[in-house]
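If you count by the numbering used here, then the sequence shown holds residues -8 to 220, one letter each, in order. C-beta atoms are modelled at their ideal positions from N, C-alpha and C, and glycine is treated no differently.
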Amino acid sequence: MLDWAQIDTVLLDMDGTLLDLHFDNHFWLEHLPLRWSEISGISLADAKAQLQSEYAELNGKIQWYCLDYWGERLQLPITELKREVMDKIQMRPDVPAFLTALKQSGRDIVLVTNAHPDSLSLKLERTDLAKYIDTLISTHEFGVTKESWALWQKLQQRLGFKNDTTLFVDDSLPILTAAQNFGIKHLLAVANPDSQQHARTINEFPAITDYTPLLQDILAHSKLRTTAN
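Written out as C-alpha cells, the structure reads:
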C-alpha cells in the first residue's frame, strides 16, 4: 500500500484521522443546534436547517473551522459548549500504537489540522496526542485551509518537507486531492473517521480502517541510523 522506505515525513490530520470524528459530528450536528435552539428560542428543526445551510456555504473555508466566527455569528460561547460534551473526545483505538511506531522509526511527525487553536487545545487537554507528536500546527496560523494550494506552499516553507518523501494522512477526500495537486507523493485516506458510522468505500486513494497492519512495515523501514560497535 505504501513504500515506507521512501517516507521520511508524515503529515497527519487530527479529527477523523487520529481522533474519532464522532465528537465533532455530534457537536456540530446535534449539540450546537440544540443549545442554540434553547438559548435563542427558535425551534430545533429550524436551528438544524439553518446551521446545515451555513455549513454547506462555508465548507472548506477558514470560517467553517473558526470558533471565533461561530461565536460571533451565533452569540454563543462555542468552546464552553464544546466542553459540555468533551467526554466524547477520544483517540481512535489504533492510533497510539501507530504514532508510537512512527516515532520509534525516526520519522518527522507533524499534526496539521484545520481545527481552530482553541479546539486543538481542548483536544490536547483531553487526549495524549502531544505525547506522541512534537509539531502541532493549526492552519489558522496561516489564514488558509488545507483545501487551498496556498496552505501547502506556506506549510512547506515552514517545515521544509520534500514532496517525494512525504506521506499525508487525512479522512477528507477534497483535502487529499489538494495535497495530491500540490505534489505530495504518498497519500493515505481514513475510511472510517466516525466510529458511529459505517466505513466508506474509497477508490481515489489508498485507504485504511485500521492502522495496525502498517506497523510492521513502518518499523522495518526505520529512518534511524545505526552505528557499528
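When the Cα atoms are used, what is the spatial distance from residue i to residue j?
| i | j | result |
| --- | --- | --- |
| D6 | G32 | 31 Å |
| L9 | L102 | 9 Å |
| D208 | K52 | 36 Å |
| L(-7) | A169 | 19 Å |
| D125 | I100 | 7 Å |
| D85 | L206 | 10 Å |
| L210 | Y202 | 13 Å |
| L49 | T136 | 12 Å |
| L67 | Q95 | 43 Å |
| Q144 | M82 | 29 Å |
| G174 | L167 | 11 Å |
| T157 | Y46 | 31 Å |
Candidates the options: which alpha carbon is nearest residue i's?
| i | options | result |
| --- | --- | --- |
| V1 | A211, Q207 and L90 | L90 |
| W19 | Q(-3), T70, D(-1) and I(-2) | T70 |
| Y60 | L215, I175, D109 and D4 | D109 |
| A88 | D119, R74, L58 and E63 | D119 |
| H107 | D78, W55 and I80 | W55 |
| V76 | S34, E45, A92 and D15 | D15 |
| A190 | L215, E29, H13 and L72 | H13 |
| L115 | R149, Q148, D78 and E132 | D78 |
| S129 | Q147, E63 and D4 | D4 |
Classify residue i: buried if its beta carbon has 16 or more other beta carbons within 10 angstroms, exposed otherwise.
| i | result |
| --- | --- |
| E138 | buried |
| T217 | Reliability of the predicted coordinates at T217 is poor, the pLDDT of 49 falling under 50, and the value obtained from them is presented with this limitation in mind. It counts as exposed. |
| N105 | buried |
| L113 | buried |
| T192 | exposed |
| P24 | buried |
| Y123 | buried |
| R98 | buried |
| I(-2) | buried |
| W27 | buried |
| L93 | buried |
### Task
May I have a chain-ordered list of the beta strand (DSSP E) segments no shorter than 3 residues that lie completely inside the segment 158 to 186?
177 to 181
#### Entry: contact_flag[the segment 33 to 41, the segment 186 to 198] where n(CB pairs < 8 Å) is 3 or more
no
### Task
Counting only runs of 4+ residues fully inside the segment 87 to 133, write out the alpha helix (DSSP H) ranges in chain order.
108 to 117 and 120 to 123
### Message
Quick test of the definition: if touching needs 3 or more C-beta pairs under 8 Å, does the segment 183 to 191 touch the segment 149 to 156?
### Response
no
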